[in-house]
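First the structure, in the form of C-alpha cells, and then the observations on it.
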Ligand SMILES: Nc1ncnc2c1ncn2[C@@H]1O[C@H](COP(=O)(O)OP(=O)(O)OP(=O)(O)O)[C@@H](O)[C@H]1O
Ligand SMILES: [Mg+2]
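Chains as they are written, first to last, in my numbering: chain A, 211 to 535; chain B, 82 to 397; chain C, 71 to 351.
Here you go:
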C-alpha cells in the first residue's frame, strides 16, 4: 500500500547565474510504515526534494513533477489544502534545533498550536496534550517546563520539542531532515533512538535525510543515494551497503573511515569537488569526477538499471562499475 | 524586576541627571547673570541686583542647581519675568497643545508605517511593493515643515477644509481643537512613517527567512497566518528600536511644526522665551523636552522586555 | 573579472544608485558653479521688481525683496553642502573614535563610551541649537555644532557594531599573535574593514544634515541673512503663501531632490559594497 509516490520531481532555483536545477527528475515510492533514508553530500538536493513536496521551497524556486500523498498530488494542491496535510498527515523535523523554534513563544504554545490548528482543540486541552507530548519525547518535568521559552532549553532538548511538534497530530509520515547534524555525538544517538522508537510505536513512515552512512545503516530499511540533484542509486539498505553499485556510491563508501582497518590504510577521497549547480552538465551529474566516465555519460541523465528486484542504479557503465567493485 | 530593566533604569536616571547638568551649565552658568541678560546692559545696577535677588541668582551655582531640580520635581518653577506668570503654568499651557499633537503624530506614524510596511512585505517583489517603497523613499526626502506648508496651500488656501493655523483652545470643545491639530499631526507623521514603513518591511522580510518560520509553515500554517502569528512580533524588535530613536525627531519636529501652524505649544513658548531673553523658561522647556526623549527610550526598553522573553530573566 | 570592474558594472545596473548619483552630481555641480557664477548676485535687492513671475531674466522669478530665486537656490546649495560636510565630519570623527574605542577596549571603557554616546541622544539637533542660540544668539555655527553633536551617537553605534564583528575574525587573531596592540590593530585592520559601512552612514547622515539645516534656518536658528539658505527661503515664502505660493515650491524641491539623491546613493552603496548581498544579487 503506497503512502507516497514521487514522480519526476524537479526543482529549478533562480540564481545569479541563471536558473539552476537543484533537483532532477527524482522518483521514488514509500509504503505505509516504511522507513527510507536519503544520503548524499551537502548540496546534493536532499532538502530541496522534501521542501518541494511540502510546498516550502525558498523564494524564486519552482517545482515540477508529481508527489502523490495518499493519492493526491501535493504539488497541485492549493495552499489551504496543502496546509491541512502539513503538520497533520506529514510531520517535519529540521536540521537546526537552535533556530527552528520561535524565540518569543513558549514551547508549550508552539506544540499546542499544531493541535489547535488541525484538531480544533481548546487552549486547555491542547496544553494538556502538549505536556503529554513533551513528556513522550523525553523532556523531563514536562508539566513544569511547558511554559518555558526555547532559550531555556539545550540544543538536544529543543530538537525533542520540534519532534513533539511534528508528532502532535499523529502523522502518517515523519520527515527528518538531518535531525542530528547540529548536535554533539552523544545527543545524536539519543535523538535518533527517540525517532526510531516513536516511528516504531506509531507505525509511521519515515524519510530520514543524512549524510552519515552509519545513521542510515542503523535506522532505515531502504536507501536512496543522491548526487547533484539526481537520484543515482536506490535499494534496500542491506543491498546498497552490501553491494554499492553506482561509482559515486562506491566512492562514498571508500571515503568512509572503518573500524578495524589497519593503520596506514589510506582513506580515499572522491576526486574533485561538487560542481556548482549551474555548472552541472545535462548528463550524469557525476561524470566530471567519475573515474569510469566516457563521452556518452554527458549525453543524458542515465536511465535506472535494475541490479536486483529491490536495487537499481542510474549508470550506463554499471557493468564495469560492478566488475571493479 | 529583571536585571536588564534595573540597568536601564539606572542608565535612565543617570542620563536625566547628566542632561540637567549640561542644560544648567549652558543656560544658567555660561550666560552669566540672567538678570542682566533680561534687563539689558543699560539697566541700572540696583534694578539688576533686585531682580537677581528675586530670581535667586545671588546664590552660589550649586544651590541654584539644586533649587532648580527640587523645583522641577515639586512643580514649582518660579515666575517668568517676561510674562509675570508662573513658569509651570506657561509650560502646562504649552503641553496642552504639544502633548496631544505628539501623541496624535506618533499614533498616525505607527498606524501608517505598520500598515504600509506589512502591506509591502506581504506583496514582496510585486509592483505594489515597489510602488510603496518608492513613495516612502520620496517621503523621507521631504522636510516636514515643507510638507506642512504644502498641506496648508492645498487644504487651507485652496480647499478651505482646514484653517491655515492657530489653535482655538480646548475650551471650544475637543473636536475643534483636534481639527486644528490634524494637519500638523499629518505633516509630522508622514516623514516618520516613511522611514518606519521601510524598517517594518525589511524587518518582516528578514524574519520571514528564519528557520522558525519554516517550522511554523511545516505545522500547517498558511503564509499569512505565519506572518501574523510568528513573524510580526519578532519583526517588531527593530521597529520598536526605531520608534524610540524617532521620538527625538518627533519632539524636534513638534517644535518646528508648531511654528508653521502658529500653535501655542512648547515650541512657540521656547521661541518667544528666546526672543524675550527669558532664559529660565528656555531652560525649563529644554529640560522637559530632553526628559521626554530620555523617558521614551526607557519606555522602549520596557517594551523590549514585554516583547522578548529572553530579556525577562537575563542572568546577572 | 576584477572586483573593480564588477563594482562599476553593478553600479551602472543599480537603478536607484544611478538616479541618486545623478541627483548628487547635480547638487555638487550647482554648488560649484555658484561659486563662480549665478544669474544674478544672490543677495542683490531689486525692490521694484519684487515678486516677479518666472521669465527669461529670472527663470524662477524673484522674491519679496526682488532677489533672483534661481540665484538664491544655487547659493543655498553651497550653504547646505558647507553645513552638511562640517557637521557630518564632526559626528564622523568623534563618533567613529568613540565606537572604535568601545569595540577595542570592552569592559567599563566600552560601557562608558557608549553611555556618553547614548547621552547625546537626549539632545536632538533642534534642542542643542535652541540652547546654543539662547547662549550665543542665532548663527550658522549653531546649526553646524548642533547637527554635529546629533551625529556623534549615530556613528558611534554603527562603528561599534561593525567593529565588534571585525574583532572576532581570524586575521585579527593573527595580528594579535604577531604582537600588535589594540590601537595598532584598530588602525591597521578594523577601521579599513568597516570603512564601507562608515561611508554609507556618512552619505545618509549628510542627507539628514541637509534636512536639519533647513529646519534650523527655517526657524531662524541657523544660517542668517544675507547668506542664502533653502530653509530661510521657505520661512520667507510662508508669509507670502497667499500672494506667491510658488516661492514655497522651489526651495522645497531643492531640499527634497538633494536628500533623495543622497539617500539613494547611500542605499545603493550599501548594496554594492556588501559582499554578502552582492553575491546573492
Ligand atoms: N535559499 C537558496 N537559494 C538558492 N540556492 C539554494 C538555497 N538553498 C539551497 N540552495 C542550493 O540548492 C542546492 C541543493 O540544496 P539542498 O539544501 O537541497 O542540499 P542538501 O542536500 O540538503 O545539503 P545539506 O546536506 O547541506 O543540507 C545546493 O546547491 C544549494 O546551494
Ligand atoms: Mg539539507
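All residues carry an ideal CB built from backbone N, CA and C; glycine is no exception.
CB contact flag (residue i, residue j, <8 Å)
i: residue 356(A); j: residue 363(A); result: no
i: residue 263(B); j: residue 293(B); result: no
i: residue 523(A); j: residue 455(A); result: yes
i: residue 384(A); j: residue 425(A); result: no
i: residue 279(C); j: residue 217(C); result: yes
i: residue 129(B); j: residue 116(B); result: yes
i: residue 360(A); j: residue 303(A); result: no
i: residue 317(B); j: residue 388(B); result: yes
i: residue 280(B); j: residue 320(B); result: yes
i: residue 322(C); j: residue 125(B); result: no
i: residue 272(B); j: residue 348(B); result: no
i: residue 298(C); j: residue 112(C); result: yes
i: residue 171(B); j: residue 350(B); result: yes
i: residue 265(C); j: residue 80(C); result: no
i: residue 330(B); j: residue 208(C); result: no
i: residue 397(A); j: residue 366(A); result: yes
i: residue 86(B); j: residue 382(B); result: yes
i: residue 386(A); j: residue 419(A); result: yes
i: residue 222(B); j: residue 330(C); result: yes
i: residue 178(B); j: residue 248(B); result: yes
i: residue 183(B); j: residue 332(B); result: yes
Minimum C-alpha distance to residue i - residue among the options
i: residue 199(C); options: 361(B), 383(B) and 336(B); result: 336(B)
i: residue 194(B); options: 276(B), 206(B), 122(B) and 183(B); result: 276(B)
i: residue 376(A); options: 421(A), 321(A) and 393(A); result: 321(A)
i: residue 157(C); options: 276(C), 95(C) and 306(C); result: 276(C)
i: residue 338(C); options: 151(C), 227(C) and 271(C); result: 271(C)
i: residue 394(A); options: 307(A), 444(A) and 374(A); result: 307(A)
i: residue 215(C); options: 241(C), 171(C) and 196(C); result: 196(C)
i: residue 262(C); options: 155(C), 233(C) and 251(C); result: 233(C)
i: residue 215(B); options: 203(B), 112(B), 94(B) and 197(B); result: 197(B)
i: residue 171(C); options: 183(C), 89(C) and 160(C); result: 183(C)
i: residue 500(A); options: 312(A), 492(A), 527(A) and 214(A); result: 527(A)
i: residue 530(A); options: 457(A), 339(A) and 226(A); result: 457(A)
i: residue 288(C); options: 210(C), 250(C), 260(C) and 248(C); result: 210(C)
i: residue 92(B); options: 379(B), 314(B), 261(B) and 390(B); result: 379(B)
i: residue 236(C); options: 206(C), 213(C) and 267(C); result: 267(C)
i: residue 240(C); options: 164(C), 259(C) and 286(C); result: 259(C)
i: residue 443(A); options: 392(A), 386(A), 518(A) and 415(A); result: 518(A)
i: residue 238(A); options: 232(A), 277(A) and 268(A); result: 277(A)
i: residue 213(A); options: 224(A), 242(A) and 232(A); result: 242(A)
i: residue 110(B); options: 299(B), 360(B), 97(B) and 391(B); result: 360(B)
Any residue with its C-beta under 7 Å from a non-hydrogen atom of ligand 2 counts. Can you list them all in chain order?
One residue after another in chain order, those with a Cβ under 7 Å from a heavy atom of ligand 2 are 256(A), 257(A), 305(A), 387(A), 388(A) and 419(A).
Contact the region 187 to 199 of chain C vs the region 223 to 230 of chain C: 3+ CB pairs below 8 Å
Short answer: they touch.
Entirely within the region 299 to 345 of chain C and at least 4 residues each: give me those alpha helix (DSSP H) ranges in chain order.
For the alpha helix (DSSP H) assignment, the uninterrupted runs of no fewer than 4 residues enclosed by the region 299 to 345 of chain C are, from N- to C-terminal side, 300 to 308 and 320 to 343.
At least three beta-carbon pairs within less than 8 Å, the region 338 to 345 of chain B to the region 260 to 279 of chain B:
At 8 Å Cβ cutoff, the stretches touch.
Determine contact between the region 307 to 314 of chain C and the region 204 to 214 of chain B, defined as no fewer than three beta-carbon pairs at a distance below 8 Å.
Judged by Cβ distances under 8 Å, the region 307 to 314 of chain C makes no contact with the region 204 to 214 of chain B, as fewer than three pairs qualify.
If we require 4 or more residues per run, which alpha helix (DSSP H) segments fall completely within the region 304 to 388 of chain A?
Whole alpha helix (DSSP H) segments, 4+ residues: 317 to 329, 333 to 346, 352 to 355 and 365 to 377.
Does the region 342 to 354 of chain A come into contact with the region 299 to 310 of chain A, if we say contact requires no fewer than three beta-carbon pairs (one atom in each stretch) closer than 8 Å?
These segments do not touch.
Any contact of the region 213 to 228 of chain A with the region 394 to 412 of chain A, i.e. 3+ C-beta pairs under 8 Å?
Counting Cβ pairs under 8 Å, fewer than three are found: no touch.
Going residue by residue through the region 411 to 455 of chain A, where are the continuous alpha helix (DSSP H) segments of at least 4 residues, counting only ones entirely within it?
423 to 429 and 447 to 452, all fully within the region 411 to 455 of chain A.
Run through the region 102 to 186 of chain C for me and flag every whole alpha helix (DSSP H) of 4 or more residues, listed as ranges in chain order.
List check, alpha helix (DSSP H) in window: 139 to 175.
Check whether the region 246 to 254 of chain A and the region 430 to 449 of chain A touch, using three or more Cβ-Cβ pairs below 8 Å as the test.
The region 246 to 254 of chain A makes contact with the region 430 to 449 of chain A; the number of CB pairs closer than 8 Å reaches 3 or more.
Closer than 8 Å is the cut-off here; do at least three beta carbon pairs connect the region 225 to 241 of chain B with the region 330 to 337 of chain C?
The region 225 to 241 of chain B vs the region 330 to 337 of chain C: no contact.
At 4 residues or longer, and completely inside the region 106 to 182 of chain B: list those alpha helix (DSSP H) runs for me, N to C.
Correct list: 115 to 120, 126 to 136 and 142 to 155.
When you compare the region 366 to 378 of chain B with the region 303 to 316 of chain B, are there three or more beta-carbon pairs, one atom per stretch, that lie closer than 8 Å?
Under the Cβ criterion (8 Å, minimum of three pairs), the region 366 to 378 of chain B does not count as touching the region 303 to 316 of chain B.
With three or more beta-carbon pairs closer than 8 Å as the criterion, would you say the region 254 to 261 of chain A touches the region 280 to 289 of chain A?
No, the region 254 to 261 of chain A is not in contact with the region 280 to 289 of chain A.
Within the region 252 to 290 of chain A, ranges of the beta strand (DSSP E) (whole runs, at least 3 residues)
Qualifying beta strand (DSSP E) stretches, in chain order: 272 to 279.
Can you find at least 3 beta carbon pairs, one from the region 358 to 365 of chain B and one from the region 323 to 336 of chain A, that sit closer than 8 Å?
Contact between the region 358 to 365 of chain B and the region 323 to 336 of chain A is absent, because fewer than three Cβ pairs lie under 8 Å.
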